[in-house]
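In this note's numbering, the protein residues as written are 36 to 158. All residues carry an ideal CB built from backbone N, CA and C; glycine is no exception.
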């Protein structure tokens, strides 16, 4: 929801970043794919205060970080947990990220994950 600051994760809790639609750029913008970009430089807040903002965005303080190969290993069930399944993953799109009510986003993502799992792995 525009205007809200979200917790991005337990690491680098003073680090500020914005996940946003790709039509907008700053000095430090990384284009993730055709739907998402991430920006994290000092000019962002000043530009936002002047009304210069992406069409869609979520603002975060903090982030999650992983060591080399750690994320891939966890997703593939090779993490340090005792379970072979560490992550539920699914496709993602701007509607889920920017338009889904925050109180519902986890349920919607989990339902999507369940449907994709059933389509891909069940007979």
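Residue i - containing beta strand (DSSP E), residue span
i          : result
residue 96 : 92-98
Residues that DSSP places opposite residue i in a beta bridge
i          : result
residue 66 : 72
residue 46 : 98
residue 40 : 94
residue 51 : 96
Cα-Cα separation between residue i and residue j, rounded to whole angstroms
i           : j           : result
residue 55  : residue 148 : 23 Å
residue 23  : residue 122 : Any question about residue 23 goes unanswered here, given that the chain covers just 36 to 158.
residue 82  : residue 130 : 24 Å
residue 91  : residue 137 : 14 Å
residue 72  : residue 106 : 20 Å
residue 58  : residue 132 : 16 Å
residue 151 : residue 125 : 7 Å
residue 62  : residue 153 : 42 Å
residue 146 : residue 139 : 11 Å
residue 89  : residue 39  : 14 Å
residue 78  : residue 128 : 27 Å
residue 111 : residue 141 : 21 Å
residue 84  : residue 49  : 20 Å
residue 80  : residue 108 : 36 Å
residue 60  : residue 104 : 29 Å
residue 36  : residue 93  : The predicted position of residue 36 is uncertain, since its pLDDT is 47 and thus under 50; a value taken from the coordinates is nonetheless stated next. Answer to the nearest angstrom: the Cα atoms are 7 Å apart.
residue 113 : residue 76  : 35 Å
residue 87  : residue 69  : 21 Å
Sub-9 Å separation of residue i and residue j beta-carbons
i           : j           : result
residue 74  : residue 42  : no
residue 102 : residue 46  : no
residue 65  : residue 95  : no
residue 44  : residue 135 : no
Extent of the continuous alpha helix (DSSP H) run through residue i
i           : result
residue 83  : 78-84
residue 106 : 105-110
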